[in-house]
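A.B. asks: If you number the sequence shown the way my numbering does, the last residue is 1022 and the count never jumps.
Right, I'll just put the structure down here and ask away after.
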Amino acid sequence: MNEQHLRVYSNRSELILPDGTIQLFPEGVMNQAAKDRHRKIILELSEGYLETQILLCRNQSSMLNFSELPHLQRELLDKLVQSVTSEVGRAVVGLSILQLCLKAIEPEQNIRLHKGGKSIKKDFSWCDGISMRSLDKNYITPVLRKYDLLKLNADGFMMTRTLAENYPYSSMYKAYIRGARIEWMQIVEAIENREVVPILALQYLLSQLINQADNFGRLALQVIEKLNLFFEATIVDREISLGFILRHINRSDYAARLMEIAMHSLMQAMQDYQVFPDSLLKPLSQMRSANKKHGNVGDIELLEDRRIVEAWDAKYGKSYLRDEIEELSEKLEVHSAIRLAGFVTSLEPERLDELKPRCEAIEEIYGISLEILTFGEWVEEQFERALIEETVSEQELAAAWLIAYAESLAQRRREIAPIDEPCYQWLSTMNDILIEELLDTPNS
579 MNEQHLRVYS
589 NRSELILPDG
599 TIQLFPEGVM
609 NQAAKDRHRK
619 IILELSEGYL
629 ETQILLCRNQ
639 SSMLNFSELP
649 HLQRELLDKL
659 VQSVTSEVGR
669 AVVGLSILQL
679 CLKAIEPEQN
689 IRLHKGGKSI
699 KKDFSWCDGI
709 SMRSLDKNYI
719 TPVLRKYDLL
729 KLNADGFMMT
739 RTLAENYPYS
749 SMYKAYIRGA
759 RIEWMQIVEA
769 IENREVVPIL
779 ALQYLLSQLI
789 NQADNFGRLA
799 LQVIEKLNLF
809 FEATIVDREI
819 SLGFILRHIN
829 RSDYAARLME
839 IAMHSLMQAM
849 QDYQVFPDSL
859 LKPLSQMRSA
869 NKKHGNVGDI
879 ELLEDRRIVE
889 AWDAKYGKSY
899 LRDEIEELSE
909 KLEVHSAIRL
919 AGFVTSLEPE
929 RLDELKPRCE
939 AIEEIYGISL
949 EILTFGEWVE
959 EQFERALIEE
969 TVSEQELAAA
979 WLIAYAESLA
989 QRRREIAPID
999 EPCYQWLSTM
1009 NDILIEELLD
1019 TPNS
C-alpha cells in the first residue's frame, strides 16, 4: 500500500490513492460533460433544492431515516457541526453542504474540483470542474442565511481564500482551514469513494444545524419559559403530565420516536431523584429500534457494571407482540444480567392469554420478569416505584418528567439524550399546546 499523495504538473494534477489508483484532473476550460452537469446542478438549485431539503428536515421529521448512514459518518458530521463557533468552522460546514448538494443532484460531478470556467486566460480551471464560488454565492449561502443555519457573509463562504487554492480538495489540500478540517477531508473522501449516500448525509447535516440554529434556540427558550408558567398556574401530577405528553405525541410527526423519548425522559427524572441509585440509565439510543447488532435489548435500558439489568422496548401502534417476544428471547441468551424486561405499547395489547405461556417459559428459563404494559400502565408503574423509594413526591416527579421531556427535545440534554432527528417541529407543537393550556388556565 502506498501513502496517498498528489502530483502537480503544468497541465494536470494526479491524486494517487493508497491502493495505487490514480485520479487524473486535467486543467483547462470546462468540457462538455462538465457543462452539462453544471447546467443540471444550476437548474436544481435555482428551483429550490436546498430550501426543500431544509424544510423537509425541519417540518417533516417522519420522512427522514438515517439508519443507512454509517455511524462513522454520523460522528464526522457531528464533529463538523460541533466545531462551529462564532469565529471558526462556518466556511467548511457551508462547503460540505454545497458538496453534498452537488453529489446528490449529479453523482458524476467530482466534488474535489472547485473551479471551472469557459476561459483560462484569467482564471484557473479544471476541465471537469465547476465554479463552486458562484454556486455558493447564488444558491447556498442565501438559503443558509435565510433559515439562520449558519452566520455567513452575504458574499458566501467560498470567498474564504483558504478554500480557493488551485489544488483539488483531498487530504493533500494544504491550505490552513480553521474548524474541523480533518473531518471535512474524511467526509470528502467518503463521498468520492461512494461510502456514503449524499442525500442522507446532507439531511443529517442539515438536521444537526437546525437543532443548533439561533431560531431553534429562541423557540426552545420560549418552550421552557412557558413550561415554567404552566407549573406556576397548575399543580401537576402523573395524570396531568401523562395527558400533556400523550397530547403532544398524538399531534406530532413520528409519534413512535416521541414515545421512546417520553419514556426515557421519565427515567431521566427518576435517575435525577436517585430512584434507582445502583443503576445507570443508558443514553437514549440514536438507533430507531432495539437492534441485536448494536447490542440493544430495549429502547430504555438500565445498566449495572456496564451490563443491562432492565430493558423496556416501546411499541407504538403495535398490539400483538409474538415476534417481539421471540426476538427478546434470543437477546436474553447473551444478556444474562437482565432481571426485568418488557414491552410498552401505545395500543391495548392483544391476545395476551395466547402469549402468557410463552412469557412464563422465558421468565423461567432466564430468571427474569417479563411484562407487557400499555404506556399509561408503564407510567403508573414507574411512579409507584419512585414513591416507594420515598426520594421524590408525585408532583415533583411529574414536573421533572415534563422538564426532562422538553429539555431533551430542546437539545439541552445531549449527553443523556442525543436526539438526531430535527426537533424544531416537535418543539413548535409543544409551544402551541402550552399556549392552549395557559389560555385555558384561570388568571394566567
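Quick reminder that beta carbons are idealized off the backbone N, C-alpha and C, glycines included.
When you compare each of 838, 616, 873 to residue 687 by their alpha carbons, which one comes out closest?
C.D. replies: One-based indexing of the sequence shown puts residue 687 at position 109. The shortest Cα separation from residue 687 among 838, 616, 873 belongs to 616.
A.B. asks: Look at residue 987 and residue 1008 and say whether their C-beta atoms are less than 9 Å apart.
C.D. replies: Locating residue 987 in the sequence shown gives position 409, counting from the first residue. Locating residue 1008 in the sequence shown gives position 430, counting from the first residue. Yes, Cβ-Cβ distance for residue 987 and residue 1008 is below 9 Å.
A.B. asks: Determine, using beta carbons only, whether residue 784 and residue 727 come nearer to each other than 9 Å.
C.D. replies: Taking the sequence shown and counting its residues from 1, one reaches residue 784 at position 206. Taking the sequence shown and counting its residues from 1, one reaches residue 727 at position 149. In contact: residue 784 and residue 727 (Cβ atoms closer than 9 Å).
A.B. asks: Tell me the residue span of the beta strand (DSSP E) that contains residue 889.
C.D. replies: Numbered from 1 along the sequence shown, position 311 holds the residue referred to as residue 889. Run containing residue 889: 885-893, per the beta strand (DSSP E) assignment.
A.B. asks: Work out the CA separation of residue 1010 and residue 923 for me, nearest whole Å.
C.D. replies: As a first step, residue 923 is located in the sequence shown; it is residue number 345 there, counting from the start. As a first step, residue 1010 is located in the sequence shown; it is residue number 432 there, counting from the start. Rounded to whole angstroms, residue 923 to residue 1010 spans 26 Å at the Cα level.
A.B. asks: In or out: residue 752 buried (at least 16 other Cβ within 10 Å) or exposed?
C.D. replies: Residue 752 sits at position 174 when you count from the first residue of the sequence shown. Per the 10 Å Cβ criterion, exposed.
A.B. asks: For the alpha helix (DSSP H) that residue 950 lies in, which residues bound it at each end?
C.D. replies: Stepping through the sequence shown from its first residue, residue 950 is reached at position 372. First-last for residue 950: 947-952, but that is the beta strand (DSSP E), not the alpha helix (DSSP H).
A.B. asks: Look up residue 585 in the DSSP assignment and give the residues it is bridged to.
C.D. replies: Taking the sequence shown and counting its residues from 1, one reaches residue 585 at position 7. In DSSP, residue 585 forms a bridge with 592.
A.B. asks: What does DSSP give as the partner residues of residue 920 in its beta bridges?
C.D. replies: Counting from one through the sequence shown, the residue named residue 920 turns up at place 342. Partner(s): 890, 949.
A.B. asks: Would you please state the rounded distance, in angstroms, between the beta carbons of residue 831 and residue 1003? I believe it to be under 8 Å.
C.D. replies: Here residue 831 is taken as the residue at index 253 of the sequence shown, counted from 1. Here residue 1003 is taken as the residue at index 425 of the sequence shown, counted from 1. Contact flag correct, Cβ pair sits at about 6 Å.
A.B. asks: Inspect the beta-carbon positions of residue 762 and residue 847 and report whether they are closer than 9 Å.
C.D. replies: Within the sequence shown, the letter at position 184 stands for residue 762. Within the sequence shown, the letter at position 269 stands for residue 847. No.
A.B. asks: Please determine, among 915, 810, 800, 1000, the residue with the shortest C-alpha to C-alpha distance to residue 973.
C.D. replies: Residue mapping note: residue 973 aligns to position 395 of the sequence shown, counting from 1. Taking only the C-alpha atoms, the option nearest residue 973 is 810.
A.B. asks: Between residue 825 and residue 794, what straight-line distance do the alpha-carbon atoms span, to the nearest angstrom?
C.D. replies: Here the question's residue 825 lines up with position 247 in the sequence shown. Here the question's residue 794 lines up with position 216 in the sequence shown. Residue 825 and residue 794: Cα-Cα distance of roughly 22 Å.
A.B. asks: Could you work out which residue in 969, 593, 588 is closest to residue 581 when comparing CA atoms only?
C.D. replies: To locate residue 581, count along the sequence shown from 1; it is residue 3. If we check each option's Cα against that of residue 581, 593 comes out closest.
A.B. asks: Using alpha carbons as the reference points, say which of 787, 709, 601 lies closest to residue 655.
C.D. replies: Position 77 of the sequence shown, counting from 1, holds the residue named residue 655. The shortest C-alpha separation from residue 655 is found at 787.
A.B. asks: Just to confirm, is the Cβ distance from residue 953 to residue 781 under 9 Å?
C.D. replies: Position 375 of the sequence shown holds residue 953. Position 203 of the sequence shown holds residue 781. For residue 953 and residue 781, no; Cβs fall outside 9 Å.
A.B. asks: Could you tell me which uninterrupted alpha helix (DSSP H) segments, each at least 4 residues in length, are contained entirely in the stretch 774-832, listed from first to last along the chain?
C.D. replies: Those alpha helix (DSSP H) runs which fall completely within the stretch 774-832 and span 4+ residues are 776-790, 792-811, 816-828.
A.B. asks: Figure out for me which residue from 889, 697, 621 has the closest Cα to the Cα of residue 609.
C.D. replies: The count along the sequence shown starts at 1 and reaches residue 609 at position 31. Among 889, 697, 621, the Cα nearest to that of residue 609 belongs to 697.
A.B. asks: Any idea what DSSP makes of residue 999, helix, strand or coil?
C.D. replies: Sequence index remark: in the sequence shown, residue 999 carries index 421 (1-based). Three-state result, residue 999: coil.
A.B. asks: Would you call the CB atoms of residue 584 and residue 748 closer than 9 Å?
C.D. replies: Mapped onto the sequence shown, residue 584 falls at position 6. Mapped onto the sequence shown, residue 748 falls at position 170. Yes, they are a contact pair.
A.B. asks: Using only the alpha-carbon positions, how far apart do residue 634 and residue 885 sit?
C.D. replies: For the purposes of this step, residue 634 is identified with residue 56 of the sequence shown, where counting begins at 1. For the purposes of this step, residue 885 is identified with residue 307 of the sequence shown, where counting begins at 1. Each residue's Cα considered, the two are about 38 Å apart.
A.B. asks: Let me know the secondary structure DSSP gives residue 867 once reduced to three states.
C.D. replies: Within the sequence shown, residue 867 is the residue found at index 289, counting from 1. Because residue 867 carries a pLDDT of 42, less than 50, the predicted location of this residue cannot be relied on, and no value is offered for it.
A.B. asks: Out of curiosity, what's the CA-to-CA distance linking residue 648 and residue 774?
C.D. replies: Your numbering for residue 648 matches position 70 in the sequence shown. Your numbering for residue 774 matches position 196 in the sequence shown. When rounded, the distance between both Cα atoms is 7 Å.
A.B. asks: Over what stretch of residues does the beta strand (DSSP E) that includes residue 601 continue unbroken?
C.D. replies: Within the sequence shown, numbered from 1, the residue matching residue 601 stands at position 23. Segment 600-604, the beta strand (DSSP E) holding residue 601.
A.B. asks: In terms of DSSP beta bridges, what is residue 704 paired with?
C.D. replies: Taking the first residue of the sequence shown as position 1, residue 704 is located at position 126. Answer is 605.
A.B. asks: So which of 901, 992, 849 has the shortest CA-CA distance to residue 964?
C.D. replies: As a working note, residue 964 is residue 386 in the sequence shown. The option with the nearest alpha carbon to residue 964 is 849.
A.B. asks: By a C-beta neighbour count over all protein chains shown, 10 Å radius and 16 as the cutoff for buried, is residue 772 buried or exposed?
C.D. replies: Stepping through the sequence shown from its first residue, residue 772 is reached at position 194. Label assigned to residue 772: exposed.
A.B. asks: So, at 7 Å on beta carbons, what are the nonlocal neighbours of residue 984 in its own chain, with the 5 sequence-adjacent residues on each side left out?
C.D. replies: Translated into positions along the sequence shown, residue 984 becomes position 406. Within the same chain, residue 984 has close Cβ partners 801, 802, 805, 1008.
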